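Peer 1: Numbering-wise (UniProt numbering), the sequence shown opens with residue 3 and increments by one. Structure incoming, see below.
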Amino acid sequence: KQKVVVTRKFAESAHKLLSQEPDIETIQWESDRPCDRAWLLENAKNASGIILTLSDKCDEELVSAAGPSLKVIASVSVGTDHVSRDALKKRSIRLGYTPNCLTDAVADLSIMLTLMAQRRAGEAMQAVLKGDWPNMPWTPFLMTGPQITGSTVGFLGFGRIAQATLKRFISFGIKRALYLTSTPGKPSKADYYGMVKESPIPIESAQGWEQLASESDVIIVGCNLTPDTKHLVGTEFLFKMKKTGVLVNIARGPVVDTAALVKALEEEEIFGAGLDVIENEPNIEKDHPILRQPRCVVLPHVGSATIETRVQMAEESVKNLIAGLKGDVMVNEVEL
Ligand code: 8YV
Numbered sequence: 003k004q005k006v007v008v009t010r011k012f013a014e015s016a017h018k019l020l021s022q023e024p025d026i027e028t029i030q031w032e033s034d035r036p037c038d039r040a041w042l043l044e045n046a047k048n049a050s051g052i053i054l055t056l057s058d059k060c061d062e063e064l065v066s067a068a069g070p071s072l073k074v075i076a077s078v079s080v081g082t083d084h085v086s087r088d089a090l091k092k093r094s095i096r097l098g099y100t101p102n103c104l105t106d107a108v109a110d111l112s113i114m115l116t117l118m119a120q121r122r123a124g125e126a127m128q129a130v131l132k133g134d135w136p137n138m139p140w141t142p143f144l145m146t147g148p149q150i151t152g153s154t155v156g157f158l159g160f161g162r163i164a165q166a167t168l169k170r171f172i173s174f175g176i177k178r179a180l181y182l183t184s185t186p187g188k189p190s191k192a193d194y195y196g197m198v199k200e201s202p203i204p205i206e207s208a209q210g211w212e213q214l215a216s217e218s219d220v221i222i223v224g225c226n227l228t229p230d231t232k233h234l235v236g237t238e239f240l241f242k243m244k245k246t247g248v249l250v251n252i253a254r255g256p257v258v259d260t261a262a263l264v265k266a267l268e269e270e271e272i273f274g275a276g277l278d279v280i281e282n283e284p285n286i287e288k289d290h291p292i293l294r295q296p297r298c299v300v301l302p303h304v305g306s307a308t309i310e311t312r313v314q315m316a317e318e319s320v321k322n323l324i325a326g327l328k329g330d331v332m333v334n335e336v337e338l
């Protein structure tokens, strides 16, 4: 039998799929706590496949611990920055991932964070929770923020999630979209929903980050984390944004320089922010300076957290793993 290590308790249906495979023996991490690294390294020995998530680093150490038997890594995620592609490539290990099934859930969250930041939902709810409402007489500009209708939305990264977010924003009546990919000024190669070419609003490729930052009312960070995108949103970017601008990050924390964001919020260089991800997550203590910013909504990386999506992600990962072990076509495979 081929040994498969599973680092989380995923949806029941996914475990069932795996257990129906006669040639697979599963080693399961049983706790709801993140999988212990020492346990993973120990149990990976002689494994043919590993199903893991973002917080399980898949690096040279893990791949060597598994040894030459390792054929497939199935990551329950769209992002694969926790996986060393080099370590896999040199041993011809295949990498499965789950790019499509979580798009809607994350796009929904992008909209939610945008509206929360623009409409000051976090700040307003805090005021109510603190019992301040009786002391907040109605005034015409009480808790007002910028409106999404008629705005320009800028996308840093223009993949599936960004395009699904744009599709939603169009129904909110935005007037224009700008995007920045690794080829500034060039039309996007992918048009996932057939709306980039046939859109009711102009969708333009920005010439560079300066144009994206200065002309957008909302910036959605949706790019991969790479050495090129780390801290791409730093002081210069944030201080180029409109003072009424809102920054939303649903990608990876390190794309945004948190210290620079705190400064931009404190100095009112931008209006607000919505973060589903942040540098050094999940180790964000109560006294972290970003949590003292009333105009910043911070969520604990819940972009894909709908029941339906998490079930699909797990099932798809198992299918990727099984296909990988059999030498078949995966549902979604990363080209290494
Ligand atoms: C997941 C994500 O929650 O898919 C991704 O890349 O960041 C989130 O959807 C996370 O990866 C769980 O592994």
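Positions of the beta carbon are idealized from the N, C-alpha and C atoms, including for glycine. Remember, it's a predicted structure, so these values are computed and weren't measured experimentally.
Within the continuous beta strand (DSSP E) that includes residue 22, where are the two ends?
Peer 2: By one-based count along the sequence shown, residue 22 stands at place 20. No beta strand (DSSP E) holds residue 22; DSSP gives it neither H nor E.
Peer 1: What are the boundary residues of the beta strand (DSSP E) that residue 251 is part of?
Peer 2: Within the sequence shown, residue 251 is the residue found at index 249, counting from 1. Element bounds for residue 251: 248-251.
Peer 1: Which residues in the same chain as residue 100 place their Cβ atom closer than 7 Å to its Cβ, once the five residues preceding and following it in sequence are excluded?
Peer 2: Position 98 of the sequence shown holds residue 100. Hits under 7 Å: 78, 79, 80, 315, 318, 319 and 334.
Peer 1: Measure the Cβ-Cβ separation of residue 169 and residue 154 and say whether it is below 8 Å.
Peer 2: Here residue 169 refers to the residue found at position 167 of the sequence shown. Here residue 154 refers to the residue found at position 152 of the sequence shown. Not a contact, by the Cβ cut-off of 8 Å.
Peer 1: Please determine whether the Cβ atom of residue 224 lies at a distance below 7 Å from any heavy atom of ligand 1.
Peer 2: Here residue 224 refers to the residue found at position 222 of the sequence shown. Residue 224: no, Cβ never under 7 Å from ligand 1.
Peer 1: In angstroms, rounded to a whole number, what distance separates the CA positions of residue 26 and residue 53?
Peer 2: Stepping through the sequence shown from its first residue, residue 26 is reached at position 24. Stepping through the sequence shown from its first residue, residue 53 is reached at position 51. Taking the straight line from one Cα to the other gives about 13 Å.
Peer 1: Could you tell me the distance, in whole angstroms, from the CA atom of residue 167 to the CA atom of residue 129?
Peer 2: The residue given as residue 167 occupies position 165 in the sequence shown. The residue given as residue 129 occupies position 127 in the sequence shown. Taking the straight line joining both Cα atoms gives about 30 Å.
Peer 1: Residue 81: beta carbon under 7 Å from a heavy atom of ligand 3?
Peer 2: Among the ligands in the structure shown, ligand 3 does not appear; only ligand 1 can be found there.
Peer 1: Is residue 124 helix, strand or coil by DSSP?
Peer 2: Taking the sequence shown and counting its residues from 1, one reaches residue 124 at position 122. If DSSP states are grouped into helix, strand and coil, residue 124 belongs with the helices.
Peer 1: What's the gap between the Cα of residue 148 and the Cα of residue 120?
Peer 2: Stepping through the sequence shown from its first residue, residue 148 is reached at position 146. Stepping through the sequence shown from its first residue, residue 120 is reached at position 118. So the alpha carbons of these two residues sit roughly 6 Å apart.
Peer 1: Taking the CB atoms as reference points, tell me whether residue 208 and residue 236 lie closer together than 8 Å.
Peer 2: Counting from 1 along the sequence shown, the entry for residue 208 is found at position 206. Counting from 1 along the sequence shown, the entry for residue 236 is found at position 234. Not in contact: residue 208 and residue 236 (Cβ atoms no closer than 8 Å).
Peer 1: Let me know if residue 181 comes out buried or exposed under the rule of 16 or more other beta-carbons within 10 Å of its beta-carbon.
Peer 2: On the sequence shown, residue 181 is found 179 positions in, with the first residue counted as 1. Buried.
Peer 1: Would you say residue 17 touches ligand 1, meaning its beta carbon is less than 7 Å from a heavy atom?
Peer 2: As a position in the sequence shown, residue 17 is number 15, starting the count at 1. No, Cβ of residue 17 sits at least 7 Å from all heavy atoms of ligand 1.
Peer 1: Just to confirm the assignment: which complete beta strand (DSSP E) runs, minimum length 3, are found wholly within the stretch 198-236?
Peer 2: Runs found: 205-207 and 220-223.
Peer 1: I think residue 15 touches residue 313, with their Cβ atoms under 8 Å apart; what is that distance to the nearest whole Å?
Peer 2: Along the sequence shown, read from residue 1 onward, the residue named residue 15 stands at position 13. Along the sequence shown, read from residue 1 onward, the residue named residue 313 stands at position 311. Their Cβ separation, rounded to whole angstroms, is 6 Å, which keeps residue 15 and residue 313 in contact under 8 Å.
Peer 1: Quick one: give me the first and last residue of the alpha helix (DSSP H) that residue 157 is part of.
Peer 2: Position 155 of the sequence shown, counted from the start, is the residue given in the question as residue 157. First-last for residue 157: 154-158, but that is the beta strand (DSSP E), not the alpha helix (DSSP H).
Peer 1: Taking the beta carbon of residue 34 as the centre, do at least 16 other beta carbons fall within 10 Å, making it buried, or is it exposed?
Peer 2: Sequence index remark: in the sequence shown, residue 34 carries index 32 (1-based). By the 16-neighbour rule on beta-carbons within 10 angstroms, residue 34 is exposed.
Peer 1: For residue 246, which residues of its own chain have a beta-carbon under 6 Å away from its beta-carbon, when the five flanking residues on both sides are left out?
Peer 2: Along the sequence shown, read from residue 1 onward, the residue named residue 246 stands at position 244. Cβ neighbours of residue 246 beyond the five flanking positions: 148 and 273.
Peer 1: With contact counted as at least three CB pairs below 8 Å, one residue from each stretch, are the stretch 225-244 and the stretch 197-216 in contact?
Peer 2: yes
Peer 1: Note down the Cα distance separating residue 269 from residue 219, rounded to an integer number of angstroms.
Peer 2: Here residue 269 refers to the residue found at position 267 when the sequence shown is read from its first residue. Here residue 219 refers to the residue found at position 217 when the sequence shown is read from its first residue. When rounded, the distance between both Cα atoms is 18 Å.
Peer 1: So, at 6 Å on beta carbons, what are the nonlocal neighbours of residue 107 in its own chain, with the 5 sequence-adjacent residues on each side left out?
Peer 2: Taking the first residue of the sequence shown as position 1, residue 107 is located at position 105. Taken in chain order, the residues that qualify are 306, 308 and 311.
Peer 1: Buried or exposed: which applies to residue 224, given that a residue is buried once 16 or more other Cβ atoms fall within 10 Å of its Cβ?
Peer 2: To locate residue 224, count along the sequence shown from 1; it is residue 222. Buried, since its Cβ has 16 or more Cβ neighbours within 10 Å.
Peer 1: Quick one: what does DSSP say residue 326 is sitting in, helix, strand or coil?
Peer 2: Along the sequence shown, read from residue 1 onward, the residue named residue 326 stands at position 324. In the structure shown, residue 326 sits in a helix (DSSP, three-state: H, G or I).
Peer 1: With 16 as the cutoff for other CB atoms within 10 Å, does residue 49 come out buried or exposed?
Peer 2: Locating residue 49 in the sequence shown gives position 47, where the first residue counts as 1. The residue is buried, with at least 16 neighbouring Cβ atoms inside 10 Å.
Peer 1: For residue 69, is the classification buried or exposed, using 16 other Cβ atoms within 10 angstroms of its Cβ as the cut-off for buried?
Peer 2: Your numbering for residue 69 matches position 67 in the sequence shown. By the neighbour-count rule (16 or more Cβ atoms within 10 Å), residue 69 is not buried but exposed.
Peer 1: Please name the residue in 338, 337 and 329 whose C-alpha comes closest to that of residue 73.
Peer 2: Indexing the sequence shown from 1 puts residue 73 at position 71. The residue with the shortest Cα to Cα distance from residue 73 is 329.
Peer 1: Say the cut is 7 Å; is the CB of residue 78 nearer than that to a heavy atom of ligand 1?
Peer 2: Sequence index remark: in the sequence shown, residue 78 carries index 76 (1-based). Yes, the beta carbon of residue 78 sits closer than 7 Å to at least one heavy atom of ligand 1.
Peer 1: Cutting at 6 Å between CB atoms, please list the residues of its own chain near residue 231, excluding the five before and the five after it.
Peer 2: By 1-based counting over the sequence shown, the position of residue 231 is 229. Cβ neighbours of residue 231 beyond the five flanking positions: 225 and 257.
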